[in-house]
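**Q**
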Amino acid sequence: MSWQQIRERKKKLLAEAIPAAWRDPALKRKMLDAGYVNAREYLDTVLPEAEKQITRLALAELARKIAAGELTAVAVATAFCHRAALAHQILNCCVEIFFDEALARARQLDEYYAAHGKTVGPLHGVPVSLKDQVDLAGKDSSIGYCARFGKPAVRNAVLADLLLAKGAVFYVKTTVPIAMMSAETVSNLMGYTHNAVNVNMSSGGSSGGEGALIGAGGSVLGFGTDIGGSIRIPSAAQGLYALKPSTGRISYMHVTNSYAWQELVPSVIGPMGTSLADVHLMFRLIVEAELWNTDPKVLAIPYKPADSFGGKLRFGFWTDDGVKTPQKAILRCLGAVAEKLQAAAHETKNVAFDLQPKLLDTIGKVYGADAYEEIATTLAQTGEPDMELVRSLVVKEGIDKPLDATQWWQVSREVYECKQEFYAAWKEWGVDVLICPIWWSAGFKPHTSSAPRYTAPFNIADCACVVVPVGRVDSARDGDADWDKMPVCVQVVARRSEEEKALYAAGVVDALVNG
């Protein structure tokens with residue numbers, strides 16, 4: 217098949233995977249005609265009341281109600297499948313839809329509960345969404361390529377098996393850009409994924425489908441991946457909470473990837489959701505499962521409880537890289553966070569991140585090491601066109617052919633030296649965590665993204681980062697009318713393997729700002 221035929225076949229299969237009663241090709245137009253740009257707000261007006269209430273609950277509350285017999289797994293799965301179906305028809309956020317399997321799984325869980333009077337685990341009956349690349353047996357992991365259509369995975373990712381063992385229900389996989397190498401989510405296979413808060417904006421990328429689905433309430437929690445900002449950018453664009461862990465804390469085994477065996481700056485996988493408590497809970501459940509006994513890349517670091525980080529913290533603020541100054545709303549919210557921390561007797565200080573340009577230059581060499589060969593070769597299999605959004609991020613000036621072993625070793629040295637310099641600078645800063653912007657604007661319009669200047673440095677430094685919403689654009693105060701009501705998020709950054717500290721510090725910020 218040509219890539220155009222594959223695209224049409226994919227579109228048809230997705231439409232058929234949605235129950236006829238839930239299909240409405242005109243749904244997005246109806247939303248706009250009703251005066252809405254926010255998909256979550258609109259879906260609250262069209263869903264049955266019971267389903268609306270279920271899809272408003274946090275993960276922990278859903279699990280509690282199911283365990284108490286107040287909700288059935290089938291009722292919860294039906295509500296989220298319905299909402300996801302509607303969200304997809306507005307935002308184009310799902311690449312695999314398998315509601316029948318989800319409902320069959322939910323019925324099995326309800327039968328188990330009825331027979332045994334208990335749940336199978338802490339996630340019993342909780343729907344969890346997955347970024348496209350997380351392998352599920354029998355499902356494609358197309359990672360944005362037409363050439364990968366119709367080539368299903370043969371086994372589950374280790375993380376997916378763990379979530380199933382805890383009782384989770386899978387029902388969708390979410391959209392990604394070509395090769396998952398873009399700050400926007402668009403591909404020839406799936407088209408463009410729009411923002412759940414404002415459909416005129418981008419959902420971000422590369423976990424943009426996940427961000428859009430959660431932002432619209434079609435998922436309570438899901439998993440994205442991040443090699444330069446791909447969890448943080450979509451989470452910020454939709455006003456979500458999220459964790460980008462450092463390498464080795466959460467298993468990546470059997471997760472399909474571009475540049476699959478590149479380990480200088482590896483992609484990492486982490487939870488995205490509507491509640492910091494849910495993100496933290498999911499991280500704890502994963503770490504306590506000791507997946508280092510299954511995946512040799514997982515570090516044998518036990519979970520550290522929150523009381524390990526008692527007392528006042530030292531917060532460093534990096535607010536402007538001098539090239540892309542953040543919007544007024546972002547600077548205003550950063551200032552408000554600092555004031556609240558100071559009022560609560562935490563120490564704050566501004567830091568100079570002079571190393572950022574070097575980190576960006578070096579990570580660009582990692583992205584561009586094969587001179588675009590893998591992406592170009594895969595695109596050529598079906599003749600699908602290249603995309604400048606991907607090429608502009610991946611192609612590195614000065615690298616016109618794949619690096620040889622000696623050149624790769626030199627890049628390896630540069631990455632290691634960058635890490636040494638970064639942690640020396642951190643020691644000089646004398647802080648527990650950094651608070652920084654995620655992007656220089658509160659989301660962005662389609663086809664306008666560029667290099668992830670505020671996120672990628674923390675990938676090469678292998679930091680733990682937590683996304684926290686801290687406000688919204690108020691055009692009356694901030695200008696930027698097209699961004700009115702868009703969420704403002706920050707990233708709370710800790711050093712490598714300090715996920716628990718980052719989550720604790722993020723909790724401090726969240727409690728002070730959001731109550």
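Count along the sequence shown from 1, add 216, and you get the number used in our numbering. In this text, a Cβ means the ideal position worked out from N, Cα and C, and glycines have one as well. Predicted, not measured: the structure shown is a model, and the values here were computed from it.
#1: Using a Cβ-Cβ cut-off of 7 Å (strictly less than) and excluding sequence neighbours within five positions of tyrosine 541, which residues of its own chain qualify?
#2: My output table needs one value for serine 422: the three-state DSSP class, helix, strand or coil.
#3: Is serine 608 buried or exposed, if buried means 16 or more other CB atoms sit within 10 Å of its CB?
#4: Using the C-alpha atoms, what's the distance from alanine 276 back to glutamate 714?
#5: For asparagine 254, which residues in the same chain have their Cβ closer than 6 Å to its Cβ, ignoring the five residues on either side in sequence?
#6: Can you name, in chain order, every residue of its own chain whose Cβ lies under 6 Å from the Cβ of arginine 321, other than the five neighbours on each side?
#7: Measuring only the C-alpha atoms, how far is leucine 619 from isoleucine 591?
#8: Using 8 Å as the Cβ pair cut-off and three pairs as the minimum, do the region 410 to 425 and the region 653 to 667 touch?
#9: If you scan the region 418 to 476 from start to end, which runs of the beta strand (DSSP E) of 3 or more residues do you find wholly inside it?
#10: What does proline 343 pair with, by DSSP beta-bridge criteria?
#11: Determine the burial state of glutamate 644: buried for a count of at least 16 other Cβ atoms within 10 Å of its Cβ, exposed for fewer.
#12: May I have the straight-line CA-CA distance separating tyrosine 632 from valine 481, to the nearest angstrom?
#13: Enumerate in chain order the residues of its own chain whose CB-to-CB distance from valine 262 is below 6 Å, with the five nearest sequence positions on each side excluded.
#14: Give the secondary structure of methionine 488 by DSSP, where H, G and I count as helix, E and B as strand, and everything else as coil.
#15: Cα-Cα, which of Gly407, Tyr639, Asp511, Glu716 is closest to histidine 663?
#16: Under the rule that 16 or more other beta-carbon atoms within 10 Å means buried, what is lysine 528, buried or exposed?
#17: Quick one: using the 10 Å Cβ neighbour count with 16 as the cut-off for buried, is tryptophan 219 buried or exposed?
#18: So, does the region 385 to 402 touch the region 339 to 353, judging by three or more C-beta pairs under 8 Å?
#19: Can you tell me the Cα-Cα spacing of alanine 301 and alanine 545, whole angstroms?
#20: If you follow the alpha helix (DSSP H) that phenylalanine 525 is part of, which residue opens it and which one closes it?
#21: For leucine 650, which residues from the same chain have a beta carbon less than 6 Å from its beta carbon, with the 5 sequence-adjacent residues on both sides left out?
#22: Rounded to whole angstroms, how far is the Cβ of alanine 732 from the Cβ of leucine 259, which I believe are closer than 8 Å?
#23: What would DSSP say about arginine 688, mapped onto helix, strand or coil?
#24: Considering only C-alpha positions, which residue in the set Gly731, Val539, Ala399, Ser403 is nearest to glutamate 600?
#25: Tell me whether aspartate 523 is buried or exposed, calling it buried when 16 or more other Cβ atoms sit within 10 Å of its Cβ.
#26: DSSP three-state label for cysteine 681, please.
#27: Please list the terminal residues of the continuous beta strand (DSSP E) segment that includes valine 190.
#28: Run through DSSP, which three-state label would aspartate 356 get?
#29: Below 8 Å, can you find three or more Cβ-Cβ pairs linking the region 442 to 451 to the region 499 to 508?
#30: Just to confirm my understanding: we take aspartate 700, look at its own chain, exclude 5 residues before and 5 after, and list those with CB closer than 7 Å. What are they?
#31: Tell me whether the beta-carbon of serine 451 lies closer than 8 Å to the beta-carbon of alanine 458.
#32: Glutamate 613: buried (16+ other C-beta within 10 angstroms of its C-beta) or exposed?
#33: Tell me the start and end of each unbroken alpha helix (DSSP H) in the region 239 to 271 that is at least 4 residues and wholly inside, in chain order.
#34: What separation, rounded to the nearest whole angstrom, lies between the Cα atoms of alanine 363 and tyrosine 519?
#35: Taking the beta strand (DSSP E) that phenylalanine 533 belongs to, which residues open and close that run?
#36: DSSP beta-bridge partners for glycine 407?
**A** Reading from the atomic positions:
#1: As a working mapping, residue 541 is identified with position 325 in the sequence shown. Residue identity differs from the one stated: residue 541 is threonine in this sequence, not tyrosine. If the five residues before and after threonine 541 are omitted, its C-beta is found closer than 7 Å to the C-beta atoms of Trp656, all from its own chain and listed in chain order.
#2: Position 206 of the sequence shown, counted from the first residue, corresponds to residue 422. If DSSP states are grouped into helix, strand and coil, serine 422 belongs with coil.
#3: As a first step, residue 608 is located in the sequence shown; it is residue number 392 there, counting from the start. The residue in question, serine 608, is exposed, as its Cβ has fewer than 16 Cβ neighbours within 10 Å.
#4: The residue given as residue 714 occupies position 498 in the sequence shown. The residue given as residue 276 occupies position 60 in the sequence shown. The C-alpha of alanine 276 is placed about 24 Å away from the C-alpha of glutamate 714.
#5: The residue you call residue 254 lines up with position 38 of the sequence shown. Leaving aside the five residues that flank asparagine 254 on each side, the residues in its chain whose CB is nearer than 6 Å to its CB run, in chain order, Val413.
#6: Reading the sequence shown from its first residue, position 105 is the one you call residue 321. When the five nearest sequence neighbours on each side are left out, the beta carbons in the same chain lying within less than 6 Å of the beta carbon of arginine 321 are those of Val385, in order along the chain.
#7: Numbered from 1 along the sequence shown, position 403 holds the residue referred to as residue 619. Numbered from 1 along the sequence shown, position 375 holds the residue referred to as residue 591. Approximately 15 Å, taken between the alpha carbons.
#8: In short, these stretches touch, since the Cβ pair count reaches three.
#9: Whole beta strand (DSSP E) segments, 3+ residues: 437 to 442, 457 to 460.
#10: Locating residue 343 in the sequence shown gives position 127, where the first residue counts as 1. Partner(s): Val385.
#11: For the purposes of this step, residue 644 is taken as residue 428 along the sequence shown, with counting starting at 1. It counts as exposed.
#12: Residue mapping note: residue 632 aligns to position 416 of the sequence shown, counting from 1. Residue mapping note: residue 481 aligns to position 265 of the sequence shown, counting from 1. Between the alpha carbons of tyrosine 632 and valine 481 lies a gap of roughly 10 Å.
#13: Within the sequence shown, numbered from 1, the residue matching residue 262 stands at position 46. For valine 262, where only same-chain residues beyond five positions count, there are no Cβ hits under 6 Å.
#14: Counting from 1 along the sequence shown, the entry for residue 488 is found at position 272. In the structure shown, the three-state DSSP call for methionine 488 is strand.
#15: Translated into the one-based positions of the sequence shown, residue 663 becomes position 447. It is Gly407 whose Cα lies nearest to the Cα of histidine 663.
#16: Your numbering for residue 528 matches position 312 in the sequence shown. Only exposed fits lysine 528, as fewer than 16 other CB atoms lie within 10 angstroms of its CB.
#17: Against the sequence shown, residue 219 aligns to sequence position 3. Answer is buried; the Cβ neighbour count reaches 16.
#18: At 8 Å Cβ cutoff, the stretches touch.
#19: One-based indexing of the sequence shown puts residue 301 at position 85. One-based indexing of the sequence shown puts residue 545 at position 329. When rounded, the separation of the alpha-carbon atoms in alanine 301 and alanine 545 is 33 Å.
#20: Within the sequence shown, the letter at position 309 stands for residue 525. Boundaries cannot be given for phenylalanine 525, as no alpha helix (DSSP H) includes it and DSSP labels it neither H nor E.
#21: Taking the first residue of the sequence shown as position 1, residue 650 is located at position 434. By the criterion of a C-beta distance shorter than 6 Å, leucine 650 is surrounded in its chain by Gly532, Trp534, Val709, once the five residues flanking it on both sides are discounted.
#22: Residue 732 lies beyond the stretch modelled for the chain, which goes from 217 to 731, so this question has no answer here.
#23: Counted from its first residue, the sequence shown places residue 688 at position 472. Taken through DSSP and simplified to helix, strand or coil, arginine 688 comes out as strand.
#24: Within the sequence shown, residue 600 is the residue found at index 384, counting from 1. In this structure, Ser403 is the residue among Gly731, Val539, Ala399, Ser403 with its C-alpha nearest to the C-alpha of glutamate 600.
#25: On the sequence shown, position 307 is the one that residue 523 refers to. Of the other Cβ atoms in all chains shown, fewer than 16 fall within 10 Å of the Cβ of aspartate 523; this residue is therefore exposed.
#26: Here residue 681 corresponds to residue number 465 of the sequence shown, with the count starting at 1. It is a strand residue.
#27: Absent from the model: residue 190. The displayed extent of the chain is 217 to 731, so no value can be given.
#28: The count along the sequence shown starts at 1 and reaches residue 356 at position 140. It is a strand residue.
#29: Not touching, per the Cβ criterion.
#30: Numbered from its first residue, the sequence shown carries residue 700 at position 484. So the qualifying residues of the chain are Val689, Ser691.
#31: Within the sequence shown, the letter at position 235 stands for residue 451. Within the sequence shown, the letter at position 242 stands for residue 458. Against a cut-off of 8 Å, the Cβ pair of alanine 458 and serine 451 comes out as a contact.
#32: Numbered from its first residue, the sequence shown carries residue 613 at position 397. With fewer than 16 Cβ atoms within 10 Å of its Cβ, glutamate 613 is classed as exposed.
#33: DSSP runs (the alpha helix (DSSP H)) wholly in the region 239 to 271: 243 to 249, 255 to 262, 265 to 271.
#34: Counting from one through the sequence shown, the residue named residue 363 turns up at place 147. Counting from one through the sequence shown, the residue named residue 519 turns up at place 303. Taking the straight line from one Cα to the other gives about 40 Å.
#35: Taking the sequence shown and counting its residues from 1, one reaches residue 533 at position 317. Note, phenylalanine 533: beta strand (DSSP E), 530 to 533.
#36: Here the question's residue 407 lines up with position 191 in the sequence shown. Bridge partners of glycine 407: Ser403.
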